[in-house]
Amino acid sequence: QVQLVESGGGLVQPGGSLRLSCAASVTFFSIYTMGWYRQAPGKQRELVATIAKGGSTNYTDSVKGRFSISRDNAKKMVYLQMNSLKPEDAAVYYCNVVRDSTWWDWGQGTQVTVSS
6 QVQLVESGGG
16 LVQPGGSLRL
26 SCAASVTFFS
36 IYTMGWYRQA
46 PGKQRELVAT
56 IAKGGSTNYT
66 DSVKGRFSIS
76 RDNAKKMVYL
86 QMNSLKPEDA
96 AVYYCNVVRD
106 STWWDWGQGT
116 QVTVSS
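Numbering follows my numbering, with no gaps: position 49 of the sequence shown is 54.
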């Protein structure tokens with residue numbers, strides 16, 4: 006069973022930065038495309054950034070140029086550097102595999118609050 010543990014969230018002012026981390030206990034971590042998802046209150050969970058096994062990345066339009074996803078396969082970690090944060094970025098952030106409509110068990114997520 007895969008365990009995902011997210012950390013690094015917190016309260017930040019608009020324009021601030023945070024770096025999220027995700028530890029994944031999964032065999033052959035390096036073969037998976039990983040992603041960061043977020044869910045704000047009353048909204049559906051959305052995929053905001055992905056990183057493939059080869060390192061190629063993709064971002065949803067609303068975070069392009071501000072967020073950067075990276076991975077360390079040796080440590081089985083995924084990171085999300087978030088800069089120029091906006092109030093609309095506030096959500097619980099989760100990491101998980103990116104594939105067709107199936108995911109590993111979700112972790113507890115990490116709360117990001119953007120407020121002055």
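From the three backbone atoms N, C-alpha and C, an ideal C-beta is built for every residue, glycine too. Since we're looking at a predicted model, the values are computed, not measured.
Helix, strand or coil at Val-31 [DSSP, three-state]: Reduced to three states, the DSSP call for Val-31 is coil.
Proximity test, Arg-71 beta-carbon vs the ligand FMN heavy atom, cut-off 7 Å: In terms of ligand content, the structure shown is empty, and the ligand FMN therefore cannot be addressed.
Bridge partner(s) assigned by DSSP for Ser-26: Paired residues: Ser-12, Tyr-84.
Cβ neighbour criterion (16 or more within 10 Å) applied to Thr-107: Label assigned to Thr-107: exposed.
Inter-residue CB distance, Ile-115 and Glu-11 (contact presumed, cutoff 8 Å): The question names Ile, yet the displayed sequence has Thr at residue 115. Going by Cβ atoms, the distance from Thr-115 to Glu-11 rounds to 4 Å, so yes, they are a contact pair.
Length of the line joining the Cα atoms of Gly-20 and Thr-32: If you take the alpha carbons of Gly-20 and Thr-32, they lie about 37 Å apart.
Cross-strand partners of Val-119 (DSSP beta bridge): The beta-bridge partner set that DSSP reports for Val-119 consists of Val-17.
Sequence-distant residues of its chain with Cβ nearer than 6 Å to Leu-90 (five each side left out): Here Leu-90 has Val-17, Gly-21, Val-119 as same chain residues with Cβ atoms under 6 Å from its own Cβ, once five neighbours each way along the sequence are excluded.
Rounded separation between Ile-56 and Ser-121 - CA only: When rounded, the distance between both Cα atoms is 31 Å.
C-beta atoms of Ala-45 and Ala-79 nearer than 8 Å: No Cβ-Cβ contact shorter than 8 Å links Ala-45 with Ala-79.
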